[in-house]
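Peer 1:
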Amino acid sequence: MGIEETRTEPRRARGLDRAFEILDFLRAQRQPMRPNEIAQIIGAPRSSVYELVNVLLRLGVIEYRGSDGRVFLGRKLYFLGAAYMDELDLIQAAESVLTEVTAQIQETSQLCMLDGNKYTVALMRESARPFRISSTIGEAVPLPWTASGRLLVSHMTDDEIRDFIPPEDFVLPDAAPLDPDEFLRQVRQAETDGHFTFNSEVERFAHCFAVPVRDGAGICAATLCLVTPEEDGRRNHDHYLDTLKRGADQLSFQLGPQSSATEDAAPARAAAR
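Letter by letter, the sequence shown follows residues 1028 to 1300 of the working numbering.
Here it is, written out as structure tokens:
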């Protein structure tokens, strides 16, 4: 490898990082934007953003929307996502499980996962009832705002969780603070109970249920979730929780049997907290 080729490697890596930053930004904004707006908000040089936007346009990864130069995520991403879902056993299995859960309970059910250090809905089956929630598939939400957040980080030590979740994620949309120590206590309780339920921090008059879907190592790889009207959730709490746990057990079985090494590691994790 020549000297010049060696020097270009970090530059290419930075360009790739920036390209994904642009894509993640557009996903978070949920609306088309001009390249100069993107550059200003993400704090990147306009020249590099324009250059990367042109490359992404040429590849079909983003597309023009309207006649004023705004761009948004392109159809190539849809095809890539469809190919990913075709090969992901968890997503395929979850589709039928969510359909069954929603049919039994007549409430909106979800499969939720980590997206970096945020929570996101990967799949959702809405009920025919008029009760609706604001969460959308792929939207990144702070972990402390969600029932699933208590389970998705339960394999980490307390110090790891503090490092993982940004301090600003402990502030609700109405600026009310959440207590990080109380969050950690709830994480440990959720790990012990094998579920977490509470009145939603962000959805008015909603009660949220979350149960873990565990991988072969026993780590919570995803959660099955239910969002119900608050009073309905309390009245049918045990029934809803049992239905979710049966579905989560099906998915956990598809991901592989839990290894005995996981049981051996549990005391070590507890000692580190």
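Note that beta-carbon positions come from the ideal geometry of N, C-alpha and C, so glycine has one too.
Contact between the region 1127 to 1141 and the region 1244 to 1258 is defined here as three or more beta-carbon pairs at a separation below 8 Å; is this criterion met?
Peer 2: With the cut-off at 8 Å, the region 1127 to 1141 and the region 1244 to 1258 touch.
Peer 1: Rounding to the nearest angstrom, what Cα-Cα distance links Leu1125 and Arg1152 in this structure?
Peer 2: Here the question's residue 1125 lines up with position 98 in the sequence shown. Here the question's residue 1152 lines up with position 125 in the sequence shown. So the alpha carbons of these two residues sit roughly 6 Å apart.
Peer 1: Out of Phe1223, Glu1257, Pro1204, Ala1203, state which residue places its alpha-carbon closest to the alpha-carbon of Arg1212.
Peer 2: Taking the sequence shown and counting its residues from 1, one reaches residue 1212 at position 185. Measuring from the Cα of Arg1212, the nearest candidate turns out to be Phe1223.
Peer 1: Identify, in the order they occur along the chain, each residue of the same chain with its Cβ nearer than 8 Å to the Cβ of Arg1034, setting aside the five sequence neighbours on each side.
Peer 2: On the sequence shown, position 7 is the one that residue 1034 refers to. The predicted position of Arg1034 is uncertain, since its pLDDT is 49 and thus under 50; a value taken from the coordinates is nonetheless stated next. Taken in chain order, the list of residues that qualify is empty.
Peer 1: Once you ignore the five residues that flank Ala1121 on each side, which residues in its own chain have a CB closer than 7 Å to its CB?
Peer 2: The sequence position of residue 1121 within the sequence shown is 94, counting from 1. Only Leu1138, Leu1150, Leu1278 meet the Cβ criterion.
Peer 1: Out of Glu1258, Lys1272, Gly1243, which has the shortest C-alpha to C-alpha gap to Gln1281?
Peer 2: Counting from 1 along the sequence shown, the entry for residue 1281 is found at position 254. Gln1281 has its Cα closest to that of Gly1243, out of Glu1258, Lys1272, Gly1243.
Peer 1: Contact check, Leu1079 vs Gly1042 under 8 Å by CB: the rounded distance?
Peer 2: Position 52 of the sequence shown, counted from the start, is the residue given in the question as residue 1079. Position 15 of the sequence shown, counted from the start, is the residue given in the question as residue 1042. Leu1079 to Gly1042, Cβ: 7 Å. Contact.
Peer 1: Using 8 Å as the Cβ pair cut-off and three pairs as the minimum, do the region 1183 to 1196 and the region 1265 to 1274 touch?
Peer 2: The region 1183 to 1196 vs the region 1265 to 1274: no contact.
Peer 1: Is the Cβ-Cβ distance between Pro1239 and Gly1221 less than 9 Å?
Peer 2: Within the sequence shown, numbered from 1, the residue matching residue 1239 stands at position 212. Within the sequence shown, numbered from 1, the residue matching residue 1221 stands at position 194. It is a contact, given that the beta carbons lie within the stated cut-off.
Peer 1: Tell me which residue opens and which closes the alpha helix (DSSP H) that Ile1068 is part of.
Peer 2: Taking the first residue of the sequence shown as 1, we reach residue 1068 at position 41. Unbroken alpha helix (DSSP H) run through Ile1068: 1062 to 1069.
Peer 1: Do Asn1063 and Ser1073 count as a contact pair if the criterion is CB distance below 9 Å?
Peer 2: Residue numbering aside, residue 1073 sits at position 46 when the sequence shown is read from its first letter. Residue numbering aside, residue 1063 sits at position 36 when the sequence shown is read from its first letter. One point to set straight first is that residue 1073 is Arg, not Ser, in the sequence displayed. It is a contact, given that the beta carbons lie within the stated cut-off.
Peer 1: Please list, in chain order, all residues of the same chain as Glu1134 whose beta carbon is under 6 Å from its beta carbon, the five residues on each side excluded.
Peer 2: Stepping through the sequence shown from its first residue, residue 1134 is reached at position 107. Counting only Cβ-Cβ distances below 6 Å, and skipping sequence neighbours, we find Ser1154, Leu1253, Thr1255.
Peer 1: Is there contact here, the region 1224 to 1231 with the region 1167 to 1182, by at least three beta-carbon pairs under 8 Å?
Peer 2: Output reads yes: the region 1167 to 1182 touches the region 1224 to 1231.
Peer 1: Thinking just about the alpha-carbon of each residue, which of Arg1061, Ser1181, Arg1231, Val1088 is nearest to the one in Phe1106?
Peer 2: Sequence index remark: in the sequence shown, residue 1106 carries index 79 (1-based). Comparing Cα positions, the closest option is Val1088.
Peer 1: Just curious, the alpha helix (DSSP H) that Phe1280 is in, first and last residue?
Peer 2: Position 253 of the sequence shown, counting from 1, holds the residue named residue 1280. Its alpha helix (DSSP H) spans residues 1264 to 1282.
Peer 1: How should Ser1123 be labelled, buried or exposed, when 16 other C-beta atoms within 10 angstroms of its C-beta is the threshold for buried?
Peer 2: Within the sequence shown, numbered from 1, the residue matching residue 1123 stands at position 96. With fewer than 16 other Cβ atoms within 10 Å, it is exposed.
Peer 1: Could you give the uninterrupted runs of the beta strand (DSSP E) lying entirely in the region 1078 to 1126, keeping only those of 3 residues or more?
Peer 2: Segments of the beta strand (DSSP E) lying fully in the region 1078 to 1126: 1089 to 1091, 1098 to 1100.
Peer 1: Measure the alpha-carbon distance for Ala1109 versus Leu1117 and round it to whole angstroms.
Peer 2: Working through the sequence shown from its first residue, we reach residue 1109 at position 82. Working through the sequence shown from its first residue, we reach residue 1117 at position 90. For Ala1109 and Leu1117, the distance between alpha carbons rounds to 14 Å.
Peer 1: Starting from Phe1236 and walking both ways along the beta strand (DSSP E), at which residues does that stretch end?
Peer 2: The residue you call residue 1236 lines up with position 209 of the sequence shown. 1233 to 1241 is the extent of the beta strand (DSSP E) around Phe1236.
Peer 1: Please report the straight-line C-alpha distance between Asp1276 and Ala1237, rounded to a whole angstrom.
Peer 2: Sequence index remark: in the sequence shown, residue 1276 carries index 249 (1-based). Sequence index remark: in the sequence shown, residue 1237 carries index 210 (1-based). Those two C-alpha atoms are separated by around 13 Å.
Peer 1: From this set, Gln1119, Ser1075, Met1060, which residue's C-alpha is nearest Tyr1091's C-alpha?
Peer 2: Mapped onto the sequence shown, residue 1091 falls at position 64. Measuring from the Cα of Tyr1091, the nearest candidate turns out to be Met1060.
Peer 1: Go to Asp1196, then tell me how far its beta strand (DSSP E) extends in each direction, as first and last residue.
Peer 2: The count along the sequence shown starts at 1 and reaches residue 1196 at position 169. Per DSSP, Asp1196 belongs to no beta strand (DSSP E) and is neither H nor E.
Peer 1: Between Lys1272 and Tyr1077, what straight-line distance do the alpha-carbon atoms span, to the nearest angstrom?
Peer 2: Within the sequence shown, residue 1272 is the residue found at index 245, counting from 1. Within the sequence shown, residue 1077 is the residue found at index 50, counting from 1. Their Cα atoms are separated by approximately 48 Å.
Peer 1: From Asp1056 to Gln1067, what does the alpha carbon distance come to, in whole angstroms?
Peer 2: Here residue 1056 refers to the residue found at position 29 when the sequence shown is read from its first residue. Here residue 1067 refers to the residue found at position 40 when the sequence shown is read from its first residue. Note on identity: in this sequence residue 1056 is Gln, with Asp being the wrong assignment. Cα-Cα distance, rounded: 14 Å.
Peer 1: Could you check how far apart the C-beta atoms of Arg1102 and Ala1071 are, in whole angstroms? I think they sit under 8 Å.
Peer 2: Taking the sequence shown and counting its residues from 1, one reaches residue 1102 at position 75. Taking the sequence shown and counting its residues from 1, one reaches residue 1071 at position 44. With a Cβ gap of about 25 Å, Arg1102 and Ala1071 do not count as contacting.
Peer 1: Give me whichever residues DSSP pairs with Ser1136 in a beta bridge.
Peer 2: Translated into the one-based positions of the sequence shown, residue 1136 becomes position 109. Arg1152, Leu1253, per the DSSP bridge assignment.
Peer 1: Alpha carbon to alpha carbon, how far is Phe1210 from Arg1085? Give it in angstroms, no decimals.
Peer 2: Indexing the sequence shown from 1 puts residue 1085 at position 58. Indexing the sequence shown from 1 puts residue 1210 at position 183. If I take the Cα positions, the gap works out to 45 Å.
Peer 1: Excluding sequence positions up to five away, which residues of its chain have a Cβ less than 7 Å from the Cβ of Lys1145?
Peer 2: For this step, residue 1145 is matched to residue 118 along the sequence shown. Same-chain partners within the cutoff: Ala1167, Val1168, Pro1169, Leu1170.
Peer 1: Can you give the Cα-Cα distance for Asp1201 and Cys1235, rounded to whole angstroms?
Peer 2: Along the sequence shown, read from residue 1 onward, the residue named residue 1201 stands at position 174. Along the sequence shown, read from residue 1 onward, the residue named residue 1235 stands at position 208. If you take the alpha carbons of Asp1201 and Cys1235, they lie about 19 Å apart.
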